[in-house]
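Below you'll find the structure, written out as structure tokens, and then a few comments.
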DNA sequence: TAACAATTGTTATTCTATAACATAACATGA
DNA sequence: TCATGTTATGTTATAGAATAACAATTGTTA
Ligand SMILES: [Zn+2]
Ligand SMILES: [Zn+2]
Ligand SMILES: [Zn+2]
Ligand SMILES: [Zn+2]
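Protein chains in written order, with the numbering used here: chain A, 1 to 163; chain S, 1 to 163.
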């Protein structure tokens, strides 16, 4: 059964997958996944919830690497450009993309308690927004679709403590 | 014909409408639309494009009123709670709500050139997102739907200058 | 190797938002 | 009216997010 509840082993695998995907795409595109950029992508994937730029910076410094905000923001800019990560505007955090390389805006369910993110690819939402835009002669360049709420796990937690 | 292109006269009317709507709703709810809150709402509606908190603060100071960031953020919090304005997370700005009083998350077309905002109420988008959430046992508390792009006017402007 | 481009380091600053506490305005009942 | 509690605003300081500007380094190519 692959549906293990052991998150850490699952996550390692996911991180490794994301890194190798990124390697491949970068080679195809002739851009460089440098040590720093690779490490930032790894940090993002290694965490179950999305991280802010300064949290990533803390991890980098823990690595022993010197760095300041621009260090991490430049790496993030690269990863965003390549479509390896998304920025969640409602929380100022960054999360790994589940369809890396395919430039897209993404749609997200974000748990406000545990921070876990579920990336959707709902074509109905996308099409309905494009139709609205077209009807108004509006040229779409990016969509920000972020649904904030609570996941099942956190609702159960909450009701436990509420006893 | 009411479809006048005279924005300034149209806008005044819109602002007045928004303010009187807010007055009414506040009376119904037994909350106070103080001078400051009313003025902040007015400032937001008086501008064709959404404003950031510090831009609003500048206008307040121009009024001669003393003030610091908390002054405007508290007013904004009140207006957000009452559903009179929306915060656009992708731009860190605030815009007047076209259905004030009816608490809702809102959906927006935002022109990245002129900043003009079009507020949608697309039920298909809303329903599709809720369905996705339900399928994942996710309890929705708020939706952030912001479509960034360019309006027709700004596209024409751009092609003119590109000659 | 020399020259150029891309990446990273470094310092400082801007922009956005909130914490904490003091003061003022408003409401309510004695 | 006055004391009281509550709500709203003033004020200072700080936290958090992002970028500007320039220096140093690394990688690439002629
Ligand atoms: Zn994605
Ligand atoms: Zn959760
Ligand atoms: Zn609205
Ligand atoms: Zn425009």
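Note that CB positions come from ideal geometry on N, CA and C, so glycine has one too.
- In terms of Cβ geometry, residue 136 of chain S and residue 78 of chain S do not form a close pair [threshold 9 Å].
- Three or more pairs of CB atoms, one per stretch, sit closer than 8 Å, so the segment 92-99 of chain A contacts the segment 40-51 of chain A.
- DSSP places residue 129 of chain A in no beta strand (DSSP E) but in the uninterrupted alpha helix (DSSP H) bounded by 123-135.
- Around the beta carbon of residue 144 of chain A, 16 or more other beta carbons lie within 10 angstroms, which makes this residue buried.
- For residue 142 of chain S, the enclosing beta strand (DSSP E) stretches over residues 139-150.
- Contact between residue 42 of chain S and residue 15 of chain S holds, since their C-beta atoms are separated by about 6 Å, short of 8 Å.
- For the segment 114-136 of chain S, the residues whose beta carbon sits under 8 Å from a beta carbon of chain A are, in order, 118, 120, 122, 124, 125, 128, 129, 132, 133 and 136.
- With a threshold of 8 Å, the Cβ atom of residue 87 of chain S does not count as near ligand 3, since no heavy atom of the ligand is closer than that.
- Here the C-alpha atom of residue 150 of chain S lies approximately 42 Å from the C-alpha atom of residue 62 of chain A.
- With a threshold of 16 other beta carbon atoms within 10 Å, residue 147 of chain S meets it and is buried.
- With a cut-off of 8 Å, the C-beta of residue 150 of chain A is classified as near ligand 2, since at least one heavy atom of the ligand falls inside that distance.
- Checking the 8 Å criterion, the Cβ of residue 137 of chain S is out of range of every heavy atom belonging to ligand 2.
- In the three-state reduction of the DSSP assignment, residue 26 of chain A falls in the helix class.
- Taking 8 Å as the cut-off, one finds at least one heavy atom of ligand 3 near enough to the beta carbon of residue 104 of chain S.
- By the 16-neighbour rule on beta-carbons within 10 angstroms, residue 31 of chain S is exposed.
- For residue 94 of chain A, the enclosing beta strand (DSSP E) covers residues 93-96.
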